[in-house]
Structures are given as C-alpha cells and as structure tokens.
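S.K.: Residue numbers (this note's numbering): 2 to 141.
Just so it is clear, CB atoms sit at the ideal spot from N, CA and C, and this is done for glycine as well.
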Amino acid sequence: MADPNSSIPKDLTVLVVEDNVANFVLIARMLGYLGVHCEWKTSGYEVVEFADTLPRVDLILMDIRLPYEDGYGALKKIRSSPALKNTLVVAVTAEASVEQINKAKAAGFDGFIGKPLDLDLFPDQIQRILAGKPVWEMSG
Numbered sequence: 002m003a004d005p006n007s008s009i010p011k012d013l014t015v016l017v018v019e020d021n022v023a024n025f026v027l028i029a030r031m032l033g034y035l036g037v038h039c040e041w042k043t044s045g046y047e048v049v050e051f052a053d054t055l056p057r058v059d060l061i062l063m064d065i066r067l068p069y070e071d072g073y074g075a076l077k078k079i080r081s082s083p084a085l086k087n088t089l090v091v092a093v094t095a096e097a098s099v100e101q102i103n104k105a106k107a108a109g110f111d112g113f114i115g116k117p118l119d120l121d122l123f124p125d126q127i128q129r130i131l132a133g134k135p136v137w138e139m140s141g
C-alpha cells in the first residue's frame, strides 16, 4: 500500500478557518492522517494577524459562513497582505452549488470543497491542491 504522505512535503502548515468545532476536529484528523500540521482560527476576523504569527502557512482552508467576518472578507485581507497574497486559499462550505463555486472563483479563491466533507475524497483533494492542481468540487 502506498504511503499517503509520500507526495506531501514535510513541515507544511494548513490554517483552518472554521467556527464549527466538530468540523475542525474532522479536518484536523484528516490532515493529521496526511502528516500535515494545522492551526485553527474560528473566524475570518484578524486571520491575517494570526497567520503572521505562524512560521509558515502553505494553505488556508476557509469556511465561508463565519462569525464577525465571512470567508470573502477574510480572503480580501489575505490577498492584500504581502506575506500571504500568494498563499493558496480554498473555500470549504456547506453552501455547495455551481453558483457558489462561480462566486468563489470570481472572488479569487484557489479552490472549493463542499461540505459535508467526504472522508474518502478529502485526503486526495488536499494532496491535489498542494500539488498545484485545481480542485473545485461539491460534496461527493
């Protein structure tokens, strides 16, 4: 059986912006399975300031519906931050529809994963995103 971590570089950090604890725990477990370290923020508010305290951020998984500041507002700030402007930001949302995918593309997200997350697909989706391949998918 192939090593699930073989195609993922070591020392990656994924910032998960998610206000639902159960969803975060699920994502963290799946990232852990891939050998990926993750950090957690419960709102888009001050996400840039938080990311600036981390040694590196390779990918941001951004829920769209968040308290205080939604994923679109947070994305604008990320894109205007010199340190983060080229960081991959993928929308992860229960509002999964063609319209939402098009809205996320237009806003400048680098990908889209619909909820509920598919435990069989998610590791592959993350590996493809980290390999620079586009992932724009509603839930399985």
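Under a three-way DSSP split, which group does F113 fall into?
M.R.: As a working mapping, residue 113 is identified with position 112 in the sequence shown. Strand at F113.
S.K.: Go through the segment 6-36 residue by residue and report every complete run of the beta strand (DSSP E) that reaches 3 residues or more, in order.
M.R.: Whole beta strand (DSSP E) segments, 3+ residues: 14-18.
S.K.: With the cut-off set at 7 Å, would you say E70 and G36 are in Cβ contact?
M.R.: Taking the sequence shown and counting its residues from 1, one reaches residue 70 at position 69. Taking the sequence shown and counting its residues from 1, one reaches residue 36 at position 35. No, these two residues do not count as a Cβ contact at 7 Å.
S.K.: Could you compute how far the alpha carbon of V49 sits from the alpha carbon of P135?
M.R.: Residue mapping note: residue 49 aligns to position 48 of the sequence shown, counting from 1. Residue mapping note: residue 135 aligns to position 134 of the sequence shown, counting from 1. Going by the C-alpha atoms only, they are around 23 Å apart.
S.K.: Tell me whether A75 is buried or exposed, calling it buried when 16 or more other Cβ atoms sit within 10 Å of its Cβ.
M.R.: Within the sequence shown, residue 75 is the residue found at index 74, counting from 1. Under this definition A75 is a buried residue.
S.K.: Measure the CB-CB distance between V90 and F113 and report whether it falls below 7 Å.
M.R.: Position 89 of the sequence shown, counted from the first residue, corresponds to residue 90. Position 112 of the sequence shown, counted from the first residue, corresponds to residue 113. Taking 7 Å as the Cβ cut-off, V90 and F113 do not qualify as a contacting pair.
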